[in-house]
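Chemist: Letter by letter, the sequence shown follows residues 1 to 402 of the UniProt record's numbering.
A virtual CB, placed ideally from N, CA and C, is assigned to each residue, including glycine.
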Amino acid sequence: MPTERFTFPGHDGQDLDARLDRPDGPHLATALFAHCFTCSKDIAAARRIAARLAALGIAVLRFDFTGLGHSAGEFENTTFTTNVADLKAACAALAARDMAPALLIGHSLGGAAVLKAAPDLSGIKGVVTIAAPFDPAHVTTQFDDSLPDILREGVAEVSLGGRPFRISKAFLDDIAQGELAPAIRDLGAALLVLHAPGDASVSIDNASQIFLAAKHPKSFVTLDDADHLLTAADDAEYAAAVIAAWAGKYIALHRPAPPVGAPEGVLRVSESDPDGFLQDVQSGPHHILADEPEAYGGTNQGLTPYGLLSAGLGACTSMTIRMYARRKGWPLTHVSVDVVHDKVHGQDASSKTEAKIDSFKRTIHLEGALDDAQRQRLREIADRCPVHQTLERTSHIETKLA
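Below, the structure written as structure tokens:
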């Protein structure tokens, strides 16, 4: 899963830091992940969910809200409303790259943010909340003891997760007005609610309220004994698997259809992923993929070009041997051919040139009650394979533009 660093202007124009997790193969859809209050894009649950979705062809953008993680700005100047605005800015940045999101995922307060933003965004097919509060003001329970200081001084430092944060009265005033029921009712997209019954930070009653406020299609899945942050790898992986399976119902994740069939007698190769090397290979009704290994910039979803060449030699060898044994009525029960391709110096291959040439080494496995003479004859027949003969001769290749 390649990950690209991504920066975009937030609600006030300051740069927000993000990571775009791309699929190894074709990009089929995009999701936007909003993290929990005071967390960051790098929380383990976000990474695991992004990896699972990327494997399905869904690119995932994870970003730090203003003043958090590696994003610019001051956290004390942010509110729930600015978080929603940052989320919309992220959607706009993706749309500018022709990657407008179809799926919104929000964890905790990030879940409240995606619920609030979704009705104002076009093209959203699904919304997922993980341990989200029905009332955004629920977040203030994390610093109850500091509320008098914030109201009196206008801003105060509070400890959240062992880290200091400055919370302003403006934040409190804003989040008190963050009613979600109207937005949930007018979501305009399928909803998946994920919540653990024993969540000690945001009770499961919040999930019930979100679910009841939403119109169909809507789904609820319990996260059993997971904690609020999904810190256990198994819990995060389970949530990721559920989201991935659910998303496939509401987002078209079908890989692009193979190119239109080539004319009779023509094998057509068309690139499937312009950002990589994946190729669609079609001949009549037959369709396969060609690719390069990950180490060479590919996604390893198909044979390499030389792998296909070796496959042609091996297949032709096996077919030629089988055809001869069948005609002779010999007891050949199974044949397989191992092919290894390499570049060797011509002088090492009994050639007159010292330049490097292609070497194909075949190991033929013959099974059945064959005597030595039959086995040796089949070994000789292998050299009559048409592909073998083509490779040993000099071929002519003519190229023209269509």
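With distances taken between CB atoms, is the gap from residue 424 to Ala-90 smaller than 8 Å?
Modeler: Residue 424 lies beyond the range of the chain shown here (1 to 402); nothing can be said about it.
Chemist: Would you identify the three-state DSSP class for Lys-215, choosing helix, strand or coil?
Modeler: Note: Lys-215 maps to coil in three-state DSSP.
Chemist: Please classify Gln-282 as buried or exposed, where buried requires at least 16 neighbouring CB atoms within 10 angstroms.
Modeler: Gln-282 should be labelled buried.
Chemist: Which first and last residues belong to the beta strand (DSSP E) in which residue 405 is found?
Modeler: The requested residue 405 does not occur in the structure, where the chain is confined to residues 1 to 402.
Chemist: In this structure, does DSSP put Pro-148 in helix, strand or coil?
Modeler: Helix.
Chemist: Tell me which residue opens and which closes the alpha helix (DSSP H) that Arg-326 is part of.
Modeler: It spans 305-328 - the alpha helix (DSSP H) in which Arg-326 sits, taken as one unbroken run.
Chemist: Go through its chain and collect everything with a Cβ distance to Asp-348's Cβ below 7 Å, but skip five positions before and after it.
Modeler: Because Asp-348 sits at a pLDDT of 49, beneath the cut-off of 50, its placement in the model cannot be relied upon, and the following sentence gives the value as read from the coordinates. Closer than 7 Å at Cβ, skipping near neighbours: no residue.
Chemist: Can you tell which of Leu-267, Val-337, Arg-322, Val-114 has the C-alpha that lies nearest to the C-alpha of Pro-331?
Modeler: Per the Cα distances, Arg-322.
Chemist: Rank Asp-225, Asp-15, Val-60 by C-alpha distance to the C-alpha of Arg-48 and give the top, closest one.
Modeler: The residue with the shortest Cα to Cα distance from Arg-48 is Val-60.
Chemist: Tell me the rounded alpha-carbon separation between His-341 and Leu-121.
Modeler: Looking at the two C-alpha atoms, the distance is approximately 53 Å.
Chemist: Quick one: what's Glu-76 bridged to in DSSP?
Modeler: Paired residue(s): none; Glu-76 is not in a bridge.
Chemist: What's the C-alpha gap between Ser-203 and Pro-197?
Modeler: In a straight line, the C-alpha of Ser-203 is about 7 Å away from that of Pro-197.
Chemist: Sort Glu-271, Ala-34, Phe-75 by Cα distance to Gly-106 and report the nearest one.
Modeler: Taking only the C-alpha atoms, the option nearest Gly-106 is Ala-34.
Chemist: Is Ala-189 close to chain C? Criterion is C-beta to C-beta, closer than 8 Å.
Modeler: No chain C is part of this structure, which consists of one protein chain only.
Chemist: Tell me the residue span of the beta strand (DSSP E) that contains Thr-390.
Modeler: Careful: Thr-390 lies outside any beta strand (DSSP E), inside the alpha helix (DSSP H) at 386-392.
Chemist: Relative to the alpha-carbon of Lys-125, which residue among Ser-359, Ala-247, Pro-293 has its alpha-carbon at the smallest distance?
Modeler: For Lys-125, the nearest C-alpha among the options comes from Ala-247.
Chemist: If Asp-291 and Leu-278 are in contact, beta carbons under 8 Å, what's the gap, nearest whole angstrom?
Modeler: Yes, Asp-291 and Leu-278 are in contact; Cβ-Cβ is about 5 Å, under 8 Å.
Chemist: Looking only at its chain, what residues have a beta carbon closer than 8 Å to the beta carbon of Glu-264, apart from the 5 residues adjacent to it on each side?
Modeler: Excluding positions up to five away in sequence, the list reads Gly-284.
Chemist: Just mark Ser-159 as buried or exposed, buried being the case when its beta carbon has 16 or more other beta carbons within 10 Å.
Modeler: Ser-159 comes out exposed.
Chemist: Below 8 Å, can you find three or more Cβ-Cβ pairs linking the segment 6-17 to the segment 61-74?
Modeler: The segment 6-17 vs the segment 61-74: in contact.
Chemist: If you drop the 5 nearest sequence neighbours on each side, which residues of the same chain put their C-beta closer than 6 Å to that of Thr-3?
Modeler: Result list for Thr-3: Arg-19, Asp-21, in chain order.
Chemist: Could you please give me the residues that DSSP links to Phe-65 through a beta bridge?
Modeler: Beta-bridge pairing links Phe-65 to no other residue.
Chemist: Should residue 436 and Pro-119 be called a contact, given that it needs their Cβ atoms to be closer than 8 Å?
Modeler: Absent from the model: residue 436. The displayed extent of the chain is 1 to 402, so no value can be given.
Chemist: Which residues mark the beginning and the end of the alpha helix (DSSP H) in which Ala-118 is found?
Modeler: Run containing Ala-118: none; DSSP gives neither H nor E here.
Chemist: Rounded to a whole number of angstroms, what is the C-alpha to C-alpha distance between Asn-77 and Cys-36?
Modeler: Between Asn-77 and Cys-36, the C-alpha separation is close to 17 Å.
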